[in-house]
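*Asks:* Chains as they are written, first to last, in this note's numbering: chain A, 138 to 618; chain B, 82 to 531.
Before I ask anything, let me first share the structure, which is written out below as structure tokens.
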């Protein structure tokens, strides 16, 4: 396979590329779901191809091919060069790449049980037992248990000498149950609505406790249907990791993508309020309790790897330090524009996509001192919000609105009344500035997101978020109730 | 894919089905998509990303009695297709019988649709996409703005074959030019065009429309959140058509009690008629779905009244009806969706829609919308790239963006007037064909800083 990658680079260079890199990717997935007492899906997919990125006259070009024959690879390399030449005619900007050490080596996700060696019957049996446990609860409408495994084998090389092989494995499983009446639909998910994925082997699937948790969330879905709607007001809120992860994702992860800051996503999901004048200028993003890092080395994270898709080694980059904005997610061509080295944040969804700046694992660091239970006990009057239900944020990542599956009243430090259709809204720096408690590591969880969207053509990336739970004051809740 | 008469995709699908039968399948179906896609993005008045992709995907649905599995890959040589069939068969046999499964769909006559494919789109090259980007950028420079956006061209041959005799193949193409512009004074504007034939898209006109909005959006004023009468341009209306179709008009959503749908229920004003119409010549046509079933024109809402939902072969079998041709590629746990929403034009000239409004808002586009409450279709999102204050029937000022939290069912009940002109707009379900509309009230629930 390395011969194919080398051939692509040689052809690109012969055609006039000043720099080129190529990724040959073989992707393998399998998945199963059980719904309504029967196997709903049983599927397997395999895909392979090569993506070739070139720099010509200071402009990028990219072409890919699912045909790995020599002539097809040559044609793709030549097309990438032609595309770059055409692009160079429009605009005067010239790409400069921040230097990085030549990368050579191999990385493999640590797994105990290879998911592709474990018989699929084993996962179908587990899903069946979990689904039955949900369906046994009176009043549920639909019950679904799902499993998925992904392996991506990547061979990367560049004309400046890098040569890397990586094998990334992700495994996940989750539950979803709904209850409905004429006017309302309530849903509960576990472990998160994003699918319960981790960088791990099949052992992760069996560690989730799906069968044990199934009747609990089914009961909650039914209970939610008759719960009162969360009334509007300004409240103290305590976010469980199953909601906090997405708050981090939308209001810190995306706005710290430096390509977004430079406008390259403006025509799609927008730009960012974290403009470069705020870097190293003491801009207060949140309270002093807020420490957020991009860490591509976190065990189990979906954003964990050996090198990014530009051959930059995995590393930990501070984004917010004691509440002060301190860094970006970067690529080689954006880092050079702010005088920094790349933080190694570039990945592509597959062989047929251009590598872009993507979140790695964006983690809110735990704070010693209070457990999440302690924070609830320390809250006189507030709301406990758990499990994301929907999300929306403006095109500069300032005004956000989230909905959660579960809201419970906190009175005198104890959880009480259940509410349905809970929402909260705010402005990013004001919201994070109101954070007055972050839980310790006892509830710290790595949450996997498998549907982070970015780019045109669209790319759905796997990213991770570590967090333990946190409290925020004076937040608007019950929007439109 | 070399040209629109090539049936290579169908031959691959038929070979794949034959190999599945050889591997012991009682029934089999293969979907093959042979595609060439290219997309050029621009930002800050220059091209920053330009990509091209070619691939052939094969998805095989293998049936063993009442057990079904799906395997897919992108290799089409005999050995790879045999391995695909073996992999699918092995998985199918792992599971218990599914009593709910009866059969793959049987063939039904497909009426050919003209205008699903255009040679100019298939033949578009990097230089022509760069020229289109350049035309938009020139328009931005003309008003001192920066242009951001894309020009895309895609051509594919889709084929479906099955052991029950389904054999459908069609070439389809699609092109889009889209632009957001911004300037230093807070001006921002949006425009896009979608067409089967890239030759039908005037990139300079896209640029001119976005540039005009940008110039008019400079120095926006701040308005408080609240309920306002609105005129929604087609770029915003597409979001309503998509979410209502997605949440309500899938037969699976109705089965699972997720939908508001009830045949004969009034949900919109008399002026609202929504059809799923894959033959609408203004859109991006298709004659069959990913199960090889003919696409039927389905009336979803007629003069405000719920009429029908869309079906795939599975929901149709359970309901005892025929598929409407809305199946997605297997495995498909999400059910059928109306992928070609078409909203009927009204009788009000577009430039007269704002006339009766004493104080309200003209909304160009929505951003990042999501469901708050599925059964009431309560959606939240932001306005973007063009929001204007209307007073006494005139646009009087640009306005900073607002967040809305609004039931889209209430929104279509509030429709007071529908514009004459319809345009193709790319939504999250596919290409929709929609007009502009005036609504008596729309609920804005938050503000932001730009």
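Backbone N, C-alpha and C define an ideal beta-carbon position, used for all residues, glycine too.
Could you check whether the region 234-253 of chain B touches the region 148-165 of chain B, counting it as contact only if at least three pairs of C-beta atoms, one from each stretch, sit closer than 8 Å?
*Replies:* With a cut-off of 8 Å, the region 148-165 of chain B and the region 234-253 of chain B do not count as touching, because too few Cβ pairs lie within range.
*Asks:* Measuring CB to CB, does residue 342 (chain B) end up less than 8 Å from residue 390 (chain B)?
*Replies:* Yes; because the gap between Cβ atoms is below 8 Å, this pair is in contact.
*Asks:* Would you mind sorting residue 601 (chain B) into buried or exposed? The rule is 16 or more other CB atoms within 10 Å of its CB.
*Replies:* Any property of residue 601 (chain B) remains undetermined from this structure, which presents chain B solely from 82 to 531.
*Asks:* Check whether the region 420-440 of chain A and the region 199-218 of chain A touch, using three or more Cβ-Cβ pairs below 8 Å as the test.
*Replies:* Segments in contact, no.
*Asks:* So residue 501 (chain B) is in the beta strand (DSSP E); what residue range does that whole segment cover?
*Replies:* Per DSSP, residue 501 (chain B) belongs to the beta strand (DSSP E) from 496-507.
*Asks:* Output yes if chain A places a C-beta closer than 8 Å to the C-beta of residue 101 (chain B); else output no.
*Replies:* No - not a single Cβ of chain A is within 8 Å of the one on residue 101 (chain B).
*Asks:* Rounded to the nearest angstrom, what separates residue 548 (chain A) and residue 169 (chain A) at their Cα positions?
*Replies:* Using only the alpha carbons, I get a separation of about 42 Å.
*Asks:* Opposite residue 591 (chain A) in the DSSP bridges: which residues?
*Replies:* For residue 591 (chain A), which the question treats as bridged, DSSP gives the partners A:596.
*Asks:* Report the residue ranges of all beta strand (DSSP E) runs contained in full by the region 225-273 of chain A; include only those spanning at least 3 residues, in chain order.
*Replies:* The qualifying runs are 241-245.
*Asks:* Going straight from the alpha carbon of residue 308 (chain A) to that of residue 289 (chain A), what length do you get?
*Replies:* C-alpha separation (whole angstroms): 12 Å.
*Asks:* Taking any Cβ of chain A, which residues in the region 453-471 of chain B have a Cβ under 7 Å from it, in chain order?
*Replies:* Those residues of the region 453-471 of chain B that come within reach of chain A (Cβ to Cβ, closer than 7 Å) are 453, 454, 455, 456, 459, 461, 462, 463 and 465.
*Asks:* Within a Cβ cutoff of 7 Å, which residues of the same chain sit near residue 449 (chain B), ignoring the five residues on either side of it in sequence?
*Replies:* The residues are 462 and 463.
*Asks:* Please confirm if residue 594 (chain A) has its CB atom under 8 Å from at least one CB of chain E.
*Replies:* Looking at the structure shown, chain E is missing, and the protein chains on hand are A and B.
*Asks:* Just checking: is the beta-carbon of residue 391 (chain B) within a distance shorter than 8 Å of some beta-carbon in chain A?
*Replies:* It does not; no Cβ of chain A falls within 8 Å.
*Asks:* State whether the region 342-354 of chain B contacts the region 477-486 of chain B, with contact taken as three or more CB pairs (one from each stretch) at a distance under 8 Å.
*Replies:* Contact between the region 342-354 of chain B and the region 477-486 of chain B is absent, because fewer than three Cβ pairs lie under 8 Å.
*Asks:* Given this structure, state the Cα-to-Cα distance separating residue 101 (chain B) from residue 164 (chain B), to the nearest angstrom.
*Replies:* The straight-line gap from Cα to Cα measures roughly 10 Å.
*Asks:* Please report the distance separating the alpha-carbon of residue 530 (chain A) from that of residue 421 (chain B).
*Replies:* Distance between the alpha carbons of residue 530 (chain A) and residue 421 (chain B) is about 27 Å.
*Asks:* Is residue 281 (chain A) buried or exposed, if buried means 16 or more other CB atoms sit within 10 Å of its CB?
*Replies:* Counting Cβ neighbours within 10 Å, residue 281 (chain A) comes out buried, since at least 16 surround it.
*Asks:* Would you list, in sequence order, the uninterrupted alpha helix (DSSP H) runs of no fewer than 4 residues that lie entirely inside the region 202-268 of chain B?
*Replies:* The region 202-268 of chain B contains these whole alpha helix (DSSP H) runs: 207-223.
*Asks:* Determine the DSSP secondary structure at residue 523 (chain B), reduced to helix, strand or coil.
*Replies:* Residue 523 (chain B): strand per DSSP, three-state reduction.
*Asks:* Which residues, taken in chain order from the region 505-535 of chain A, show a beta carbon closer than 7 Å to some beta carbon of chain B?
*Replies:* Under the 7 Å Cβ criterion, the region 505-535 of chain A contributes 527, 528, 529, 530, 531, 532, 533 and 535.
*Asks:* For residue 490 (chain B), I'd like the list of residues in its chain whose CB is within less than 7 Å of its CB, leaving aside the five on either flank, ordered along the chain.
*Replies:* Excluding residues within five positions, the ones whose Cβ falls inside 7 Å are 341, 348, 457 and 458.
*Asks:* In three-state DSSP terms, what is residue 303 (chain A)?
*Replies:* In this structure, residue 303 (chain A) counts as strand in the three-state DSSP scheme.
*Asks:* Compile a chain-ordered list of the residues in the region 176-189 of chain A whose CB is closer than 8 Å to at least one CB of chain B.
*Replies:* Of all residues in the region 176-189 of chain A, 176, 177, 178, 179, 180, 181, 182, 183, 184, 185 and 186 have a Cβ within less than 8 Å of some Cβ in chain B.
*Asks:* How would you list, in chain order, the residues of chain B whose beta-carbon sits under 9 Å from the beta-carbon of residue 475 (chain A)?
*Replies:* Within 9 Å Cβ-Cβ: nothing; residue 475 (chain A) doesn't reach chain B, min ~16 Å.
*Asks:* According to DSSP, is residue 458 (chain B) part of a helix, a strand, or is it coil?
*Replies:* Note: residue 458 (chain B) maps to coil in three-state DSSP.
*Asks:* Pull up the distance between the alpha-carbon of residue 410 (chain B) and that of residue 178 (chain A), whole angstroms please.
*Replies:* Distance between the alpha carbons of residue 410 (chain B) and residue 178 (chain A) is about 12 Å.
*Asks:* On the premise that residue 357 (chain B) lies in contact with residue 372 (chain B), defined as a C-beta separation below 8 Å, what is that separation, rounded to the nearest angstrom?
*Replies:* With a Cβ gap of about 16 Å, residue 372 (chain B) and residue 357 (chain B) do not count as contacting.
*Asks:* Got a sec, what are the start and stop residues for the beta strand (DSSP E) residue 487 (chain B) sits in?
*Replies:* Run containing residue 487 (chain B): 483-488, per the beta strand (DSSP E) assignment.
*Asks:* Using 8 Å as the cut-off, can you tell me whether the region 116-131 of chain B makes contact with the region 227-236 of chain B, which would need three or more C-beta pairs spanning the two stretches below that distance?
*Replies:* As far as the Cβ criterion goes, the region 116-131 of chain B touches the region 227-236 of chain B, which means the pair count is three or higher.
*Asks:* Using alpha carbons as the reference points, say which of B:146, B:289, B:268 and B:430 lies closest to residue 182 (chain B).
*Replies:* The shortest Cα separation from residue 182 (chain B) among B:146, B:289, B:268 and B:430 belongs to B:146.
*Asks:* In chain A, what lies closer than 7 Å to residue 530 (chain B) by C-beta?
*Replies:* Correct list: 535.
*Asks:* Could you tell me which residues DSSP puts in a beta bridge with residue 279 (chain A)?
*Replies:* According to DSSP, which records beta bridges pairwise, residue 279 (chain A) is partnered with A:315.
*Asks:* Quick one: measure Cβ to Cβ for residue 552 (chain A) and residue 521 (chain A), integer angstroms, because I've assumed they're closer than 8 Å.
*Replies:* Indeed, because the Cβ distance is near 6 Å, the residues count as touching under 8 Å.
*Asks:* Name the one or two DSSP bridge partners that residue 136 (chain B) has.
*Replies:* Answer is B:116, bridged to residue 136 (chain B).
*Asks:* Taking 8 Å as the CB-CB cut-off, is residue 216 (chain A) touching chain B?
*Replies:* Residue 216 (chain A) counts as touching chain B.
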